[in-house]
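Note sheet for the following structure.
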């Protein structure tokens with residue numbers, strides 16, 4: 002059975018000054034997101050909530066080839082599973098979620114696809130050195146102010162920090178327009194998340 006909607010809650014108390022918690026939501030229909038927000042606004046809690054940040058994005062298959070995926074498929078098969086996995090959010094249940102919006106400078110899009118693929122190859126190769134940090138990239142072109150919403154999952158914040166420092170050294174990083182604000186969330190049940198607010 003396919004889930005209709007995914008909601009995970011993360012406490013931001015102690016990591017952000019402008020937000021207390023983060024809800025990571027995914028749905029097959031945009032209307033479901035609207036209906037949930039509307040229902041939440043009509044609860045007793047709704048009057049106490051304010052939305053500090055909201056990032057809307059959709060899944061889609063990347064235009065860049067990932068040789069690690071190709072090697073996996075050649076060894077183990079399952080291209081059809083890989084295709085569906087790349088167009089769905091499949092959280093691994095990590096202790097931490099690190100989220101930020103991102104956009105590239107316009108010059109990135111002026112480059113030939115081959116040059117962008119070469120730079121993304123380096124970016125992917127560096128990221129592959131941290132297999133315990135799972136990346137979820139979603140796309141926002143025209144849907145929201147950013148071009149991507151990037152969500153990393155890990156049980157170890159230090160591993161994520163090391164990965165991001167290494168990614169800053171890649172050639173593709175020079176084409177980043179912005180990648181802030183950043184959110185570090187601690188996975189908690191909704192009850193525990195709300196209790197942390199007070």
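Numbering (my numbering), first residue to last: 2 to 199. Where is the CB? At the ideal position from N, CA and C, for every residue including glycine.
Based on the DSSP secondary-structure assignment, which residues constitute the bridge partners of residue 154?
DSSP lists 98, 135 as partners of residue 154.
With which residues is residue 22 paired in a DSSP beta bridge?
Partner residues in the beta bridge of residue 22, as assigned by DSSP, are 12.
CA-to-CA distance, residue 95 to residue 154, given in whole angstroms:
Taking the straight line from one Cα to the other gives about 6 Å.
Under a Cβ-count criterion, where at least 16 other Cβ atoms within 10 Å of its own Cβ denotes burial, should residue 173 be classed as buried or exposed?
Residue 173 should be labelled buried.
Closer than 8 Å is the cut-off here; do at least three beta carbon pairs connect the region 91-108 with the region 150-169?
Touching, yes.
Classification of residue 130 by the beta-carbon crowding that lies within 10 angstroms, buried from 16 upward:
With fewer than 16 Cβ atoms within 10 Å of its Cβ, residue 130 is classed as exposed.
Residue 188 lies in the beta strand (DSSP E); which residues open and close that run?
For residue 188, the uninterrupted beta strand (DSSP E) segment begins and ends at 184-188.
Reduced DSSP secondary structure (H/G/I, E/B, other) of residue 2
For residue 2, the predicted structure reports a pLDDT of 42, less than 50, and the residue's modelled location is therefore unreliable. A value from the coordinates is still provided. Residue state, collapsed to three classes: coil.
Kindly indicate the opening and closing residues of the beta strand (DSSP E) around residue 144.
No beta strand (DSSP E) holds residue 144; DSSP gives it neither H nor E.
Taking C-alpha atoms, which residue in 88, 102, 114, 160 lies nearest to residue 181?
Measuring C-alpha to C-alpha distances from residue 181 to each of 88, 102, 114, 160 identifies 102 as the nearest.
Pairing CB atoms from the region 26-35 with CB atoms from the region 110-124, are three or more of them under 8 Å?
These segments do not touch.
Quick one: residues in its chain with C-beta nearer than 6 Å to the C-beta of residue 99, no 5 flanking neighbours on either side, listed in chain order?
Once the five neighbours on either side are set aside, the close Cβ partners of residue 99 are 153, 161, 185.
Compare the beta carbon distance of residue 1 and residue 198 with 8 Å and say whether it is the shorter of the two.
As displayed, the chain neither begins before 2 nor continues past 199, which places residue 1 out of reach and without an answer.
Label residue 32 either buried or exposed according to how many other C-beta atoms from any shown protein chain fall within 10 Å of its C-beta, with 16 as the threshold for buried.
So residue 32 counts as exposed.
Span separating the alpha-carbon of residue 190 from that of residue 12:
Approximately 9 Å, taken between the alpha carbons.
Excluding the 5 residues flanking residue 168 on each side, which residues of the same chain have their C-beta closer than 8 Å to its C-beta?
Result list for residue 168: 124, 127, 128, 174, in chain order.
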